[in-house]
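Take any residue in the sequence shown, count from 1 to its spot, add 36: that is its number in my numbering.
Working notes, beginning with the structure itself.
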Amino acid sequence: EHDPEAASVLVTPSRSLGEKVYNILEDKIKYAKRGEIIRKSLEEYGRIIIVDDLEEAVYFSNEYAPEHLIIMTKAPEILLDEIENAGSIFLGELTSVSAGDYGSGTNHVLPTSGCARMYSGLSTESFLKKPTVQILSEEGLKTLEDIVIPLAEYEGLYAHAESFKKRLMR
């Protein structure tokens, strides 16, 4: 009910559940205060996808990378480790998106449009700089010789290769 361009997708291995949800939605929309927005959203961006098993459902979810992912199975925590791409994950039939949005304390600034493949929700870490630090021993330097020099030269960055070679000659 957010807006007519919001997407809602049910992924299930149960055709009967998919049909049941479809029928319930048809009925609920008639009486919803924002029914027209919901109807437009579902017509354009709503889907019920029947998969062969939960493994395929997890695969789809990771590819789709939803802003919100609700896992409603008998033991949802079993699938949690398989989920790689979701803005916020809600486990079990008692855990609603509205609880996360308004009351349970989780982040509400989440990646949309599949961006959960690349980003997490906004957090204090979003504002921190995290430089990387390297230090090589002589042995480490020699170990990288056959990697660094050919790659630098392949990229046409001959000064990079030379700076590495100079360190090898010390």
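Even glycine gets a Cβ: it sits at the ideal position worked out from N, Cα and C.
Count the other CB atoms within 10 Å of the CB of A135; is the residue buried (16 or more) or exposed (fewer)? For the purposes of this step, residue 135 is taken as the residue at position 99 of the sequence shown. In this structure A135 is exposed. Its beta-carbon is surrounded by fewer than 16 other beta-carbon atoms within 10 angstroms.
Let me know if P147 comes out buried or exposed under the rule of 16 or more other beta-carbons within 10 Å of its beta-carbon. In the sequence shown, the residue the question calls residue 147 occupies position 111. With 16 or more Cβ atoms within 10 Å of its Cβ, P147 is classed as buried.
Just to confirm my understanding: we take G150, look at its own chain, exclude 5 residues before and 5 after, and list those with CB closer than 7 angstroms. What are they? For the purposes of this step, residue 150 is identified with residue 114 of the sequence shown, where counting begins at 1. So the qualifying residues of the chain are Y100, A101.
So what does DSSP say about L158, is it helix, strand or coil? For the purposes of this step, residue 158 is taken as residue 122 along the sequence shown, with counting starting at 1. Coil.
Candidates I106, H196, L172, I119: which alpha carbon is nearest V133's? Position 97 of the sequence shown, counted from the first residue, corresponds to residue 133. Each of I106, H196, L172, I119 was checked against the Cα of V133, and the nearest Cα belongs to I106.
Please classify F126 as buried or exposed, where buried requires at least 16 neighbouring CB atoms within 10 angstroms. Reading the sequence shown from its first residue, position 90 is the one you call residue 126. It counts as buried.
Taking only the alpha-carbon atoms, compute the straight-line gap between E161 and Y155 and give it to the nearest angstrom. Taking the first residue of the sequence shown as position 1, residue 161 is located at position 125. Taking the first residue of the sequence shown as position 1, residue 155 is located at position 119. Within the model, the alpha-carbon separation for E161 versus Y155 is close to 12 angstroms.
Looking only at its chain, what residues have a beta carbon closer than 8 angstroms to the beta carbon of S97, apart from the 5 residues adjacent to it on each side? On the sequence shown, residue 97 is found 61 positions in, with the first residue counted as 1. Apart from sequence neighbours up to five positions away, the residues of its chain that approach S97 with a beta-carbon distance below 8 angstroms are V47, L105, I119, N121, A122, ordered along the chain.
Is the beta carbon of L158 closer than 9 angstroms to that of K178? Walking along the sequence shown from the start, residue 178 turns up at place 142. Walking along the sequence shown from the start, residue 158 turns up at place 122. Not a contact, by the Cβ cut-off of 9 angstroms.
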